[in-house]
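Residue numbers (full-length UniProt numbering): 1 to 424.
Positions of the beta carbon are idealized from the N, C-alpha and C atoms, including for glycine.
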């Protein structure tokens, strides 16, 4: 589980900002909390970020996505002579020369970890990993490019640490190199970035419907996907796979999936394999509709269902940019409840999303500590802050308060002045 994420000097974020999934001592929806008794904290299963357009909601997620890519790709993909492909805050010329911070606190298999790094555009300045295997903090490794030796390893971290450090380039992360060299104690943290963190953005959505088609070809997985659709109460009673030749489609595009069970990236036109969703009809008989005739919301939920299945099944973290895109409030609410309900989320998966849908700003849906806002200051820098900063009451009308500007993070809307003059 994600405990918190911190970022500094990235895109529209200038100063350090923090997103925390640690619950506040509130009385509502306590049954949805995950208790980490060893660390005396309760964790949230969901968090929502609101704010006007261009306020930095997506930037928070892009920062987490950059951190994910750095851990996975810095050793394998980043060119040795190309530095670090970060994007510092652009509105302050001094920021380009200053480093950027990325850090997470995680709870994995009951153990808390703190991992992070500081980079500029040329190299890694700092990197660290701390663990709390017995509830007490242990330093596993630290890295500081300004000192000699650059790496410090504790006795708690067993493995070929110094050998791996020699293979670590100035612009690659030690965690990346260690995982590529099968370091036994670092694999769990590394694996979270690869298989425990699922980023869903507008660009990735284009690939998801094909993943759903492929999933449905497996009887058990198709049944699980159908269960996701049934939980959304769309009146869907079943699905039918319309077979096509996925391998021929891939070959035509010159593509080959690493696993034949997995779909290849989709391009238009779609392959012949698709599905029909069966709907309960008034006469008591089911009617199967072609996928193209389904509503945009149903298509979007179907496309996301595969990831929802994976996240709920593994206890991962699903981060969705613009949850409300093509989704009616009812469908968005269904997804939220899949995560907040311990019965449908026994593995303590988390959903973090941003949205403009103020219908979800309701204490019957979300706890007050699950709601965050972004806004930009006069300097153009994004600020991320929680609703709990404003001491909103338990039964307060949050939607009305937000739209009235009580919590900030609302665009100034006035009468447009286009400089036009009336004709004679």
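For residue 376, DSSP records a beta bridge to 382.
Looking at the DSSP output, residue 288 sits in a beta bridge with 278.
A distance of 7 Å or more separates the beta carbons of residue 151 and residue 131. Under the three-state reduction of DSSP, residue 174 is assigned to helix. In the structure shown, residue 190 falls within a helical segment according to DSSP collapsed to helix, strand and coil. Assignment of alpha helix (DSSP H) within the region 86-110, counting only whole runs of 4 or more residues, yields no such run. Counted as a single uninterrupted DSSP element, the beta strand (DSSP E) harbouring residue 17 occupies residues 17-20. In terms of Cα proximity to residue 233, the closest of 275, 162, 280 and 53 is 280.
Remark: C-beta atoms of residue 88 and residue 125 do not approach each other more closely than 7 Å.
The straight-line gap separating the alpha-carbon atoms of residue 376 and residue 55 is approximately 5 Å. Taking 7 Å as the cut-off, the Cβ atoms of residue 361 and residue 399 count as close.
If you draw a 10 Å sphere on the C-beta of residue 77, you find fewer than 16 other C-beta atoms in it, and that means exposed. Between residue 327 and residue 306, the gap from beta carbon to beta carbon reaches 7 Å or more. Assigned with DSSP and collapsed to three states, residue 359 falls in helix.
Here the C-alpha atom of residue 405 lies approximately 13 Å from the C-alpha atom of residue 358. For residue 381 and residue 20, the gap between their C-alpha atoms comes out near 20 Å. Assignment of residue 330 by DSSP, reduced to helix, strand and coil, places it in the helix class. Contact annotation: residue 373 and residue 407 have beta-carbon atoms nearer than 7 Å. Boundaries around residue 138 are those of the beta strand (DSSP E), 138-144, since no alpha helix (DSSP H) includes it. Residue 161 sits in a helix when the DSSP states are folded into three classes. Cα atoms of residue 90 and residue 104: separation of roughly 24 Å, rounded to the nearest angstrom.
Contact between the region 140-149 and the region 222-233 is absent, with fewer than three C-beta pairs closer than 8 Å.
Contact between residue 243 and residue 276 does not hold, since their C-beta atoms are separated by about 12 Å, which reaches or exceeds 8 Å. Excluding residues up to 5 positions away in sequence, 274 and 275 lie with their Cβ nearer than 6 Å to the Cβ of residue 291 in the same chain.
By the criterion of at least three beta-carbon pairs nearer than 8 Å, the region 61-81 is in contact with the region 174-185. Contact annotation: the region 2-12 does not touch the region 330-341, with fewer than three C-beta pairs closer than 8 Å.
Per DSSP, reduced to three states, the secondary structure at residue 365 is coil, with no helix or strand assignment.
When DSSP states are grouped into helix, strand and coil, residue 297 belongs to the helix group.
Within the model, the alpha-carbon separation for residue 122 versus residue 171 is close to 7 Å.
Excluding five sequence positions before and after residue 216, the CB atoms of its chain that fall closer than 8 Å to its own CB belong to 222, 225, 239, 241 and 275, given in chain order. Counting only the Cα atoms, residue 3 lies some 9 Å from residue 42. From the listed residues 167, 137, 313 and 320, the smallest Cα separation to residue 57 is found for 320. Here residue 68 really is in contact with residue 199; their C-beta atoms are around 7 Å apart, less than 8 Å.
In the structure shown, the three-state DSSP call for residue 237 is strand.
Just so you know, the alpha carbons of residue 108 and residue 93 end up roughly 39 Å apart.
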